[in-house]
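Enquirer: Mind having a look at this structure? Questions to follow.
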Amino acid sequence: MEYTAYSEIKYYKECAALVEGMDFVLVDLKIVPSKQTTKISAVIASKDPSVNIGVNDCAKVHRVLLPRLEALLGTEDTMMELTSPGIEHNIKNAAEFTVFTGREVRVWDKTVTDWVGGKILSADDKSVTLETEDGKNLTVSYENIAKAKFVYTK
């Protein structure tokens, strides 16, 4: 699994500060310019891993984030989709593990060719540490993770 530091994502820092001021976390930001319309996709989550967010939360952040991005980009010819991670979110960037500390996840560990899961205890730029169901800590290197996703709990 690739690790892309949030500091390397253009405009992430400026947008993350705005989103965090509204008690959310910016999980992902993609900006795709084209000749006619700049397409923006953003994913936000609650700071509290036990709290899910809804449509009203997304709408509130959208109303504040879109004007900021239009100012940064210097254009109003934009289209933005803002979503929550969803209950069965696939983690695409290993940097997301730091955002989701406290969440239950499962990862496909290439060294054991099986899913391993647990609550995210910590993560850095090389690996994630999970607390497994039996209370043990398991550290998995990102290079050994083929895919990762949330564990849906009711």
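Take the sequence shown: its letters are residues 11 to 164, numbered as in the working numbering.
Idealized CB from N, CA, C, for every residue including glycine.
Quick caveat: nothing in here was measured; it's all calculated off a predicted structure.
What did DSSP end up calling Thr47 once you bin it into helix, strand or coil?
Expert: Looking at Thr47 - three-state DSSP - the assignment turns out to be coil, as it is neither helix nor strand.
Enquirer: In its own chain, which residues sit with a C-beta less than 6 angstroms from the C-beta of Trp26, not counting the 5 before and 5 after it?
Expert: Inspection of the sequence shows that residue 26 is occupied by Ala rather than by Trp. Excluding sequence neighbours, Ala26 sits near Leu36.
Enquirer: Reducing DSSP to helix, strand and coil, say where Ser17 ends up.
Expert: In the structure shown, Ser17 sits in a helix (DSSP, three-state: H, G or I).
Enquirer: Could you tell me the distance, in whole angstroms, from the CA atom of Ala105 to the CA atom of Gln46?
Expert: Distance between the alpha carbons of Ala105 and Gln46 is about 31 angstroms.
Enquirer: May I ask which residues mark the beginning and end of the alpha helix (DSSP H) holding Arg78?
Expert: Run containing Arg78: Val65 to Leu83, per the alpha helix (DSSP H) assignment.
Enquirer: To the nearest angstrom, how far is it from the Cα of Asn103 to the Cα of Tyr13?
Expert: Approximately 6 angstroms between the Cα atoms of the pair.
Enquirer: What did DSSP end up calling Thr88 once you bin it into helix, strand or coil?
Expert: Strand at Thr88.
Enquirer: Shortest alpha-carbon distance to Leu148 belongs to which of Ala156, Asn154, Ile155 and Thr139?
Expert: If we check each option's Cα against that of Leu148, Thr139 comes out closest.
Enquirer: Kindly identify the DSSP beta-bridge partner or partners of Lys159.
Expert: Paired residues: Asn100 and Arg116.
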